[in-house]
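Just below is one structure, and these are the notes that go with it.
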Amino acid sequence: EVPCRDFDPVRTRELLKEEGFDDRNEDGVLEDAQGKDLEFVLMTNAENSERVEITQMVREDLARAGMKVHLLVLEFNALVSKLLGTGDWDAVLIGFTGASDPHFGANVWKTQGSLHFWEPKDPRQASEGQKRIDEIFASASGLLDRAQRKALYDEWQQIAGQDLPLIYTILPETLAAVSNRLLHIKPSVLGGLFHNLEEIDTAD
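For the sequence shown, the working numbering begins at 104 and goes up steadily by one.
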(Lines of atoms letter the chains of each structure in order from A; the text may use other names.)
(Lines give C-alpha, C1' and ligand atoms only; values in the text may rest on other atoms or scores of the structure.)
Protein backbone atom coordinates (compact mmCIF):
# COMPACT_ATOMS: atom_id res chain seq x y z
CA GLU A 104 0.00 0.00 0.00
CA VAL A 105 2.96 2.33 -0.44
CA PRO A 106 2.03 5.29 -2.68
CA CYS A 107 3.30 4.86 -6.24
CA ARG A 108 3.21 7.54 -8.92
CA ASP A 109 3.35 7.03 -12.67
CA PHE A 110 5.46 9.34 -14.81
CA ASP A 111 3.08 12.01 -16.11
CA PRO A 112 4.82 15.00 -17.74
CA VAL A 113 1.50 16.76 -18.43
CA ARG A 114 0.43 16.59 -14.78
CA THR A 115 3.95 17.60 -13.75
CA ARG A 116 3.70 20.75 -15.84
CA GLU A 117 0.30 21.50 -14.27
CA LEU A 118 1.70 21.15 -10.74
CA LEU A 119 4.72 23.30 -11.56
CA LYS A 120 2.45 25.95 -13.09
CA GLU A 121 0.59 26.10 -9.79
CA GLU A 122 3.97 26.86 -8.19
CA GLY A 123 4.64 29.72 -10.62
CA PHE A 124 6.62 27.95 -13.36
CA ASP A 125 5.50 28.37 -16.96
CA ASP A 126 7.05 28.27 -20.43
CA ARG A 127 6.89 32.03 -20.88
CA ASN A 128 9.18 32.24 -23.92
CA GLU A 129 7.92 29.00 -25.52
CA ASP A 130 11.34 27.37 -25.72
CA GLY A 131 10.17 24.12 -24.10
CA VAL A 132 11.71 24.94 -20.70
CA LEU A 133 9.66 26.25 -17.78
CA GLU A 134 10.69 29.56 -16.23
CA ASP A 135 9.91 31.23 -12.91
CA ALA A 136 8.25 34.63 -12.59
CA GLN A 137 11.60 36.35 -13.19
CA GLY A 138 12.17 34.38 -16.41
CA LYS A 139 14.85 32.09 -14.97
CA ASP A 140 14.88 28.54 -16.38
CA LEU A 141 13.83 25.65 -14.16
CA GLU A 142 17.14 23.79 -14.21
CA PHE A 143 19.40 21.78 -11.95
CA VAL A 144 22.50 19.59 -11.99
CA LEU A 145 22.17 15.80 -11.72
CA MET A 146 25.38 14.05 -10.69
CA THR A 147 26.51 10.44 -10.67
CA ASN A 148 29.80 8.54 -10.58
CA ALA A 149 31.78 7.88 -13.75
CA GLU A 150 32.80 4.33 -12.80
CA ASN A 151 29.23 3.03 -13.13
CA SER A 152 28.07 3.00 -16.76
CA GLU A 153 24.51 1.96 -15.82
CA ARG A 154 24.08 5.02 -13.62
CA VAL A 155 25.42 7.27 -16.36
CA GLU A 156 22.85 5.81 -18.77
CA ILE A 157 20.05 6.25 -16.19
CA THR A 158 20.91 9.93 -15.68
CA GLN A 159 20.64 10.43 -19.44
CA MET A 160 17.18 8.83 -19.42
CA VAL A 161 16.14 10.98 -16.46
CA ARG A 162 17.29 14.10 -18.30
CA GLU A 163 15.24 13.14 -21.37
CA ASP A 164 12.13 12.38 -19.30
CA LEU A 165 12.34 15.61 -17.31
CA ALA A 166 12.85 17.61 -20.49
CA ARG A 167 9.37 16.40 -21.50
CA ALA A 168 8.10 17.93 -18.25
CA GLY A 169 9.81 21.25 -19.01
CA MET A 170 12.93 20.93 -16.86
CA LYS A 171 16.50 21.50 -17.98
CA VAL A 172 18.84 18.93 -16.40
CA HIS A 173 22.62 19.30 -16.62
CA LEU A 174 24.55 16.04 -16.18
CA LEU A 175 27.77 16.03 -14.18
CA VAL A 176 29.73 12.77 -14.09
CA LEU A 177 32.39 12.67 -11.38
CA GLU A 178 34.92 10.25 -9.96
CA PHE A 179 33.27 8.45 -7.03
CA ASN A 180 35.32 10.03 -4.23
CA ALA A 181 34.70 13.51 -5.63
CA LEU A 182 30.96 12.75 -5.75
CA VAL A 183 30.91 11.53 -2.14
CA SER A 184 32.88 14.61 -1.07
CA LYS A 185 30.17 16.86 -2.51
CA LEU A 186 27.34 14.73 -1.19
CA LEU A 187 28.52 14.23 2.40
CA GLY A 188 31.12 16.97 2.76
CA THR A 189 30.54 20.30 1.04
CA GLY A 190 26.82 19.84 0.35
CA ASP A 191 27.42 21.28 -3.11
CA TRP A 192 24.80 19.32 -5.07
CA ASP A 193 21.28 19.58 -6.48
CA ALA A 194 20.45 15.94 -7.26
CA VAL A 195 22.50 12.74 -7.19
CA LEU A 196 21.98 9.28 -8.65
CA ILE A 197 23.74 6.79 -6.40
CA GLY A 198 23.29 3.25 -5.14
CA PHE A 199 22.99 1.93 -1.59
CA THR A 200 23.66 -1.62 -0.53
CA GLY A 201 20.73 -3.31 1.17
CA ALA A 202 19.95 -6.12 3.57
CA SER A 203 16.96 -8.28 4.39
CA ASP A 204 16.32 -6.37 7.63
CA PRO A 205 15.36 -2.66 7.28
CA HIS A 206 17.34 -1.85 10.44
CA PHE A 207 20.56 -2.08 8.43
CA GLY A 208 19.40 0.97 6.47
CA ALA A 209 19.22 3.12 9.60
CA ASN A 210 22.45 4.91 8.67
CA VAL A 211 20.67 6.27 5.60
CA TRP A 212 17.24 6.95 7.06
CA LYS A 213 17.88 8.33 10.55
CA THR A 214 18.41 12.09 10.77
CA GLN A 215 21.83 11.73 12.39
CA GLY A 216 22.97 8.80 10.23
CA SER A 217 26.24 9.41 8.43
CA LEU A 218 24.60 8.64 5.04
CA HIS A 219 21.51 10.77 5.68
CA PHE A 220 21.99 13.78 3.44
CA TRP A 221 18.61 15.28 2.52
CA GLU A 222 17.67 17.04 5.79
CA PRO A 223 19.55 18.92 8.51
CA LYS A 224 21.43 16.76 11.00
CA ASP A 225 19.63 18.54 13.85
CA PRO A 226 16.50 16.45 14.61
CA ARG A 227 14.73 19.61 15.83
CA GLN A 228 14.80 20.98 12.28
CA ALA A 229 13.54 17.77 10.65
CA SER A 230 10.15 17.47 8.96
CA GLU A 231 7.33 15.73 10.80
CA GLY A 232 7.68 12.69 8.54
CA GLN A 233 11.41 12.49 9.22
CA LYS A 234 10.87 12.81 12.98
CA ARG A 235 8.49 9.87 12.83
CA ILE A 236 11.01 7.84 10.81
CA ASP A 237 13.60 8.49 13.54
CA GLU A 238 11.11 7.23 16.14
CA ILE A 239 10.29 4.15 14.07
CA PHE A 240 13.93 3.08 13.66
CA ALA A 241 14.61 3.70 17.37
CA SER A 242 11.58 1.66 18.45
CA ALA A 243 11.90 -1.20 15.97
CA SER A 244 15.55 -1.84 16.81
CA GLY A 245 14.56 -2.88 20.34
CA LEU A 246 11.71 -5.20 19.38
CA LEU A 247 11.94 -8.97 18.97
CA ASP A 248 8.35 -9.52 17.88
CA ARG A 249 8.38 -9.83 14.07
CA ALA A 250 4.80 -8.60 13.58
CA GLN A 251 5.39 -5.48 15.67
CA ARG A 252 8.59 -4.69 13.81
CA LYS A 253 6.89 -5.23 10.44
CA ALA A 254 4.06 -2.84 11.37
CA LEU A 255 6.59 -0.12 12.19
CA TYR A 256 8.65 -0.65 9.06
CA ASP A 257 5.45 -0.69 6.97
CA GLU A 258 4.68 2.76 8.40
CA TRP A 259 8.22 3.92 7.53
CA GLN A 260 7.73 2.83 3.92
CA GLN A 261 4.41 4.68 3.75
CA ILE A 262 6.04 7.91 4.97
CA ALA A 263 8.95 7.49 2.56
CA GLY A 264 6.55 6.81 -0.31
CA GLN A 265 4.56 9.94 0.51
CA ASP A 266 7.42 12.37 1.23
CA LEU A 267 9.82 10.92 -1.41
CA PRO A 268 13.16 12.03 0.06
CA LEU A 269 14.65 9.38 -2.24
CA ILE A 270 13.28 8.28 -5.60
CA TYR A 271 13.99 4.64 -6.35
CA THR A 272 14.92 3.92 -9.96
CA ILE A 273 15.71 0.26 -10.64
CA LEU A 274 16.41 -3.04 -8.96
CA PRO A 275 18.41 -5.66 -10.84
CA GLU A 276 16.72 -8.86 -11.95
CA THR A 277 18.87 -11.77 -10.84
CA LEU A 278 18.89 -15.50 -11.51
CA ALA A 279 20.46 -18.02 -9.16
CA ALA A 280 21.11 -21.75 -9.37
CA VAL A 281 22.05 -24.32 -6.78
CA SER A 282 23.06 -27.98 -7.02
CA ASN A 283 20.32 -30.56 -6.39
CA ARG A 284 22.76 -32.22 -3.98
CA LEU A 285 21.80 -29.57 -1.43
CA LEU A 286 18.72 -30.14 0.72
CA HIS A 287 16.43 -27.75 2.59
CA ILE A 288 17.10 -24.79 0.29
CA LYS A 289 14.43 -22.16 0.93
CA PRO A 290 15.02 -19.26 -1.50
CA SER A 291 13.95 -15.87 -0.27
CA VAL A 292 13.54 -12.63 -2.22
CA LEU A 293 15.15 -10.71 0.63
CA GLY A 294 17.57 -13.27 2.04
CA GLY A 295 18.74 -14.97 -1.12
CA LEU A 296 19.53 -18.68 -1.52
CA PHE A 297 21.44 -19.35 1.68
CA HIS A 298 19.77 -17.24 4.37
CA ASN A 299 18.92 -20.47 6.27
CA LEU A 300 22.49 -21.77 6.10
CA GLU A 301 22.21 -23.66 9.40
CA GLU A 302 19.42 -25.84 7.94
CA ILE A 303 21.10 -26.75 4.65
CA ASP A 304 22.46 -30.26 4.27
CA THR A 305 23.74 -32.46 1.45
CA ALA A 306 22.10 -35.50 -0.09
CA ASP A 307 25.27 -37.61 0.45
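Here a beta-carbon is modelled for each residue, glycine too, at the ideal position from N, C-alpha and C.
All values derive from a computational prediction rather than experimental measurement.
DSSP places residue 210 inside the alpha helix (DSSP H), whose first and last residues are 209-212. Between residue 295 and the set 284, 276, 306, the nearest pair of CA atoms involves 276.
Runs of the beta strand (DSSP E) lying entirely within the stretch 125-157 and spanning at least 3 residues, in chain order: 142-148. A contact between stretches requires three or more CB pairs, one per stretch, nearer than 8 Å, and the stretch 279-289 fails this requirement with the stretch 211-223. Excluding its 5 nearest sequence neighbours in each direction, residue 243 has C-beta neighbours in its own chain below 7 Å: 206, 252, 255, 256, listed in chain order.
Residue 189 is bridged by DSSP to nothing; it lacks a bridge partner. No residue range can be given for residue 224, since it is assigned to no alpha helix (DSSP H) and is classified by DSSP as neither H nor E. With a threshold of 16 other beta carbon atoms within 10 Å, residue 200 falls short and is exposed.
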